[in-house]
Amino acid sequence: MQFMLIIVLIACGLEHTIAKSLFEDKIVGGTVAYKGQFPYQISLQYNNQHNCGGSILDQNTVLTAAHCVDKFPSANSRIVAGINKLNEVGVTYLISRYIIHEKWNPVTATNDIAVIKVKTPIQYTTYIKPIRFDATFVPGQAQCVLSGWGFTSYPGNVSNDLLYFSGRIVDLVLCQITLAEAAYPVLNSHICAIGGLGVGACSGDSGGPLVANNKQVGIVSWALPCALGYPEVYTRISYYYNWIKTQQAQPN
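Throughout the sequence shown, residue numbering follows mature numbering (1 follows the signal peptide of the UniProt record, and there is no 0), covering -19 to -1, 1 to 233 in sequence.
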């Protein structure tokens, strides 16, 4: 589930100013999830190929990153729920529309959040369920979990198996200092997490859910490729709580 960070830098064609050594290949550690372990996780697919992750908020609404949808027409996209393997048959939902944050800036990667509205209600099962979220601020050192089908090495290919890793939240000030030379700013609207050297998010994990205490606290946004021991940057759910609730109430 190291794919989301790279996707901001690679899939969206954005350049990074960090030294070349930070882009060297690195195996990204992860554990294969068991069936139903992350029932809120979806695969956002474009032309039937996995592009990003996302999370089910309710029967009509899926949460993802803005950079996952701003260049991909909804008519050619779909979400697939209830799967652990990309090559297995899941439940497919066609997309009605995207609601991208009105202040999304692809140059600075700020306000990297979007809502997906589906054409037909998502039916809950043992393997398809929503994730909880709220406006609670999550402090540094809290334990967290990230799941996704991202690259298992960089460069590389997406994983067929849904993977996950456990990490911890990084204090925001420490994250800002550590990533001071990165191409994008780390703001109060972000939350940072780290899984350790050799463990982390990568291209293909973008848009996926960072979870702490069984609640979603972040959306994969960007990072240095991949799993090099630097904090990864996520869109902070608590910062955008009111925006998310407003979009949930919007019609499909």
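Every residue gets a Cβ at the ideal spot worked out from N, C-alpha and C, and that includes glycine.
If you're wondering where the values come from, they're calculated on a predicted model, not measured in any experiment.
- [ ] Starting from the Cα of residue 34, find the closest Cα among 160, 129, 148 and 152 and give me that residue.
- [x] Per the Cα distances, 129.
Open item on the list: Taking DSSP's pairing of strands, which residues face residue 58 in a bridge?
Closed with: 27
TODO: Give the range of the alpha helix (DSSP H) segment to which residue 237 is assigned.
DONE: Since the displayed the chain opens at -19 and closes at 233, residue 237 lies outside it and no answer follows.
- [ ] Kindly identify the DSSP beta-bridge partner or partners of residue 173.
- [x] 151 and 214
Open item on the list: Per DSSP, what are the beta-bridge partners of residue 22 in this structure?
Closed with: Beta-bridge partners of residue 22 (DSSP): 36.
Task: Beta-carbon spacing of residue 99, residue 45 below 9 angstroms - done: no
Open item on the list: If contact is defined by three or more beta carbon pairs under 8 angstroms, each pair taking one atom from either stretch, is the region 46 to 57 in contact with the region 145 to 154?
Closed with: no
Open item on the list: Using only CA atoms, which one of 204, 152 and 109 lies nearest to residue 20?
Closed with: Sorting 204, 152 and 109 by C-alpha distance to the C-alpha of residue 20 places 109 at the top.
Task: Nearest candidate by alpha-carbon position, reference residue 222, set 95, 29, 90 and 72 - done: 95
Task: Proximity below 9 angstroms, CB of residue 319 to CB of residue 176 - done: There is simply no residue 319 to check, as the chain begins at -19 and stops at 233 in what is shown.
- [ ] Have a look at 49, 75, 72 and 74 and flag the residue whose alpha-carbon is nearest the alpha-carbon of residue 90.
- [x] 49
Open item on the list: Let me confirm a value: residue 30 is counted as buried when at least 16 other C-beta atoms fall within 10 Å, else exposed. Which label applies?
Closed with: exposed
Open item on the list: Taking a contact to mean a Cβ-Cβ separation below 9 angstroms, would you say residue 233 touches residue 59 in this structure?
Closed with: no
- [ ] With DSSP as the reference, please indicate the residues paired to residue 205 in a beta bridge.
- [x] According to DSSP, residue 205 bridges with nothing at all.
TODO: Please report the residue range of the alpha helix (DSSP H) in which residue 122 lies.
DONE: Premise fails: residue 122 is in no alpha helix (DSSP H) and is neither H nor E.
Task: Nearest-angstrom Cα separation, counted from residue 16 out to residue 171 - done: When the Cα atoms are used, residue 171 and residue 16 turn out to be separated by approximately 30 angstroms.
Open item on the list: Which of the three DSSP states is assigned to residue 220 in this structure?
Closed with: helix
- [ ] Drop a sphere of 10 angstroms on the beta-carbon of residue 214, count the other beta-carbons inside from all chains shown, and report buried for 16 or more, exposed for fewer.
- [x] Counting every other CB atom within 10 Å of its CB across the protein chains shown gives residue 214 a total of 16 or more, marking it as buried.
Task: Three-state class that DSSP yields for residue 225 in the structure shown - done: helix
TODO: Please look up how many angstroms separate the CB atoms of residue 150 and residue 123, rounded, as I've assumed it's under 8 angstroms.
DONE: 4 angstroms
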